[in-house]
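Before any comments, here is the structure.
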Amino acid sequence: MKEYVHPPKDESYFNHTPFFAIAIFTNLSSSKDKGKMVYATLGPPNVKCIHCQAWMWKEERVNKSVKKGTPVFSLCCAKGQIKLPKERPTPSFIWQLHNDKNKSQRFKDGIRLYNSLFAFTSTGGKVDHSINNGGAPYVYRLNGQNHHLFGSLLPDDGEDPKFCQLYIYDTENEIENRMKWVSVTDGQQVDAEIVEGLSQMLDETNELVKEFRSARDRFENGVQELEIILKVSRAESGRENHIGPSDEVAGVMVGDMDDTKGTRDIILHSRKKGLERITDIHPKLMSLQYPLLFPHGGDGFHKDIPFGKVDNVTQKQRQMISMKEFYSYKLQVRTNEGRITPRLGGRLYQQYIVDAFSTIEQARLWWFRKHQTTLRSDLYSSIKKSVSVGSSECSNIGKGFILPSGFVGSRRYMQQNFQDALAVCRVIGHPDIFLTMTTNPLWDEINEMMKLIPHCSPQNSPDVIARVFRLKLDQLIEEIKQKKFFGTCLGVMYVVEFQKRGLPHVHMLIWLDAASKQNLKSNVDNFVSAEIPDEKVDPAGYAAVKAFMMHGPCGKEYPKSPCMKQHKCTRHFPKKFCQATTFDQSGFPIYKRRQTNITVKKGKADLDNQWVVPYNRDLLVKFQCHINVEICAHARSLKYLFKYCLKGHDRATVEIRGKKRSSNLLNEIEQPEDEIQSFFDGRYICGCEAAYRIFGFNIHYRSLAVQRLSFHLEGDKTCTFRSNEPLQKVAAREGIRLSQLEAFFELNSTDNNARQYLYDEIPQHYVWNDTDRIWTVRKRGKKIGRLSYTHHSSGELWFLRLLLTKVHGPTSFQCLRTVKGKTYDTFHEACKVYGLLDDDNEWDEVLKECSISGFPPQIRQLFVHIMVNCKVTDLKELWNKHWINMVDDILLKQRRLTGNPLLILNEKQQQFYALAGIYHFPFLSSLLKMSTNIILKKC
């Protein structure tokens, strides 16, 4: 078994990377370490996919239940259903550059610059260069929307040629013309010999260059009006159809474009003004942008690549492979073909992966945009209303589905998962452990893969890092769930994020059963430590803590440390010494940090226990990466943990626009809202995130499933339809198609056993069949039900929701409104008779519901809304019941304002701060301010 030991001082790769250092594998056989956990390596990728010959780790197989049989892989070729032509060998000049001791490093460092000298197109995304202001490894980070642009074939009069023009115009001085566009700001020198060699190589190998050179010959022979069409049409094999002689290609007739769907072809004109955008699905897109990664100029993805047929494998319903499947296939390591060429691009390979993912995601957004007029939704009552007034068209009914909760990373996606996590807590209690694991880019498995791809390094192989991180994450989940590392695990939730420098890390919440909770609470120091181990007693633990768990150094002597803000450490290091583990007023643990005089040398600083990030010794040694373990025993910090885990991507810009009302006086239908215009996302993407998402790995995982339950007023269920459907047909279909709530009523009418449950309890005992729109008896598994949050201002809908959480086994809307044999006209009246609205019970329920998922500022705002707009009998009593949920953020805010992380506020002080904030609400009347003053005095 292998272990890490202290890294040598001469290693420079991660000298500037916080939280972890490089560790070197060696064989240790110390008697003092016997019986203790050691690094659990997965070994090298020593299994080849039998279909596509990609090198895989056995743990990546999909038939995990098979131990001795042939492993089957889906990540690479979808179990053999994706079959693409082999890549051609790497040109000899590329190998010469990498093997040349004098030019190799210069070429690697400047490869993005050299590629730009030969690229046919320009890119439109913003590259974040600020992230590379330092000595750490290069990271390519893209901001906003990416696109590729073509200019004209010939430069305007008096201007120098650039991009594709360099292949045609003034080619006698081509090298000098290319060098004119070089703007070197970091001291790198562009080698003219390398430029000339690359030019000759592309002339010999690149089919695109040959087409442009033929246009050059025509231009030099006096033809002034040039046109090149790079056609989309492809054969069934996925390769391009045969292209005739260059003169024929340059002279394609316009009439031919109807047969080749010319709107997707790239057309280059000799004197066209402005730039033309290239479609993301053009086969030559990547070859045009990255001639040094694809020196042969071959095809990339296009939408007519079919799935292959494989025996004993269920065929997919789709006929053609997706863009994500194409790039997932291309990013695999295969030593039996020329697939190594793009990887030799180093920094440029990072850019290619980011470009590939941005293309995939933009294609998804494009689908939502194009289908917003196809798929629409509206209330059934609204459709019937439109039919009754004589309208038969769907084009003005409903709103488009733009960025729904199913779009990974969207605002709705994160919000729904946040609500689901809180629903889990309502059923199994609060999580017990908060764990963060960060990638070690020099894990043994990553280095083993590097042996298969010469001249490649981990920092320029984000796809390998993403795959190994996923394998380690699966290992960690197995350790926690199956092997019961912390005790019996009831549930796990995690979210994968990506650091500023692009490395993946995971935030994980762990739920334990009652016995394990008690054991954890009674033996905190056995599970979490914040001290440096004694090197003589535990050398492996000491080395791991030194490499991965020491914060800093920071403080006044290190003002440029990344954690420093306004001359203070944002992580509140160094911590104070503490003789025993305790919990502070907010429920956050203060771990044991004794003054043991054991230190760690980091740079020029000697760091002691005040600088240790809390960890678990056995997990740290086993996984050899930064693993922060925290006890989260207090309920009041719960929502902030979920908010931290589900905060979503960093966004550059958010724009909100309201709906517009139609001037149509017939039925005053609101115009559909275009959410791509209302909300656009300018987040940053790095190579590791791009690769992680291309492979289809989950960024959010929850072991306990949640069923989201819809509800609606009678006749107001949501209907989905296409814009070209006749409304009469939609109304007839939706009239017999049951919603979840209507099916719940139907279930209670036919199944007496179901009548003992509330609506949100049904998913624990029954399964929703979305095809047949019925509830069926659950035979296995467990699912938690959750009703969507509804604001009190929604009126009858809110009272309906309140009844659904109180009344067992209703068989209809009328049944819900019936109390003691009498049927009432409204749900509001039924709530009154049930006693749910007696005195201030209504406002009590409103604040309780908001407190489940709302944050303190939202709850305080709702409290003010009730004070201003509602009749409250006893305001002081209402405050006493709910103030505890309104002050969760007060202590943290005051600690930040005072700069004192150890500040303590008693309950009265917290109430005073919250009421002071309420008192200064701008719309609070003088009379209600008097009420606030009364509460203050009574406190």
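Under the UniProt record's numbering, the first residue of the sequence shown carries the number 1, and numbering increases by one thereafter. Ideal Cβ positions, reconstructed from N, Cα and C, are used throughout, including at glycine. Please read all numbers here as calculations on a predicted model, not as lab measurements.
As assigned by DSSP and simplified to three states, the class of residue i
i: G876; result: Per the sequence shown, residue 876 should be read as Lys rather than Gly. K876 falls in the helix class under three-state DSSP.
i: F498; result: strand
i: S457; result: coil
i: N769; result: strand
i: I699; result: coil
i: L509; result: strand
i: D606; result: strand
i: V57; result: Inspection of the sequence shows that residue 57 is occupied by Trp rather than by Val. Note: W57 maps to coil in three-state DSSP.
i: residue 947; result: Shown here, the chain extends from 1 to 939; a query on residue 947 therefore has no answer.
i: C425; result: helix
i: F855; result: coil
i: Y413; result: helix
i: F745; result: helix
i: V777; result: strand
i: C76; result: coil
i: V408; result: coil
i: R895; result: helix
i: P504; result: strand
i: I685; result: strand
i: C52; result: coil
i: V887; result: coil
i: G917; result: helix
i: Y692; result: helix
i: Y824; result: coil
Whether residue i touches residue j by CB criterion (9 Å)
i: G308; j: Q81; result: yes
i: K575; j: R593; result: yes
i: V706; j: K783; result: yes
i: N440; j: H626; result: yes
i: Y591; j: A530; result: yes
i: G687; j: G409; result: no
i: A363; j: I281; result: yes
i: D444; j: F695; result: no
i: K330; j: L208; result: no
i: S710; j: S749; result: no
i: R334; j: A580; result: no
i: Q624; j: F527; result: no
Distance between residue j and residue i (C-alpha atoms, nearest Å)
i: K521; j: G809; result: 40 Å
i: I453; j: R106; result: 20 Å
i: D109; j: M201; result: 20 Å
i: Q512; j: A423; result: According to the sequence shown, residue 512 is Leu rather than Gln. Going by the C-alpha atoms only, they are around 16 Å apart.
i: N46; j: K58; result: 8 Å
i: V612; j: H572; result: 12 Å
i: L84; j: E337; result: 12 Å
i: G552; j: S561; result: 7 Å
i: P533; j: D618; result: 12 Å
i: V354; j: Y684; result: 10 Å
i: D751; j: H765; result: 12 Å
i: W843; j: C831; result: 13 Å
Span of the beta strand (DSSP E) around residue i
i: A705; result: A705 to L709
i: residue 941; result: Shown here, the chain extends from 1 to 939; a query on residue 941 therefore has no answer.
i: V62; result: Premise fails: V62 is in no beta strand (DSSP E) and is neither H nor E.
i: N628; result: I627 to I631
i: L787; result: K783 to L787
i: I598; result: That residue, I598, is in no beta strand (DSSP E); it is neither H nor E in DSSP.
i: I433; result: I433 to T438
Within-9 Å CB hit, residue i to chain B
i: N900; result: Absent from the structure: chain B. Only one protein chain is present.
Run of the alpha helix (DSSP H) containing residue i, from where it starts to where it stops
i: T205; result: A192 to T205
i: I111; result: I111 to F118
i: Y542; result: P539 to F548
i: M477; result: Sequence check: residue 477 is Ile here, not Met. Its alpha helix (DSSP H) spans residues P462 to K481.
i: L802; result: E796 to L804
i: L620; result: R617 to F623
i: I762; result: Per DSSP, I762 belongs to no alpha helix (DSSP H) and is neither H nor E.
i: L520; result: A514 to S522
Complete runs of the alpha helix (DSSP H) confined to the segment 289-368 [at least 4 residues]: List check, alpha helix (DSSP H) in window: 323-330 and 340-343.
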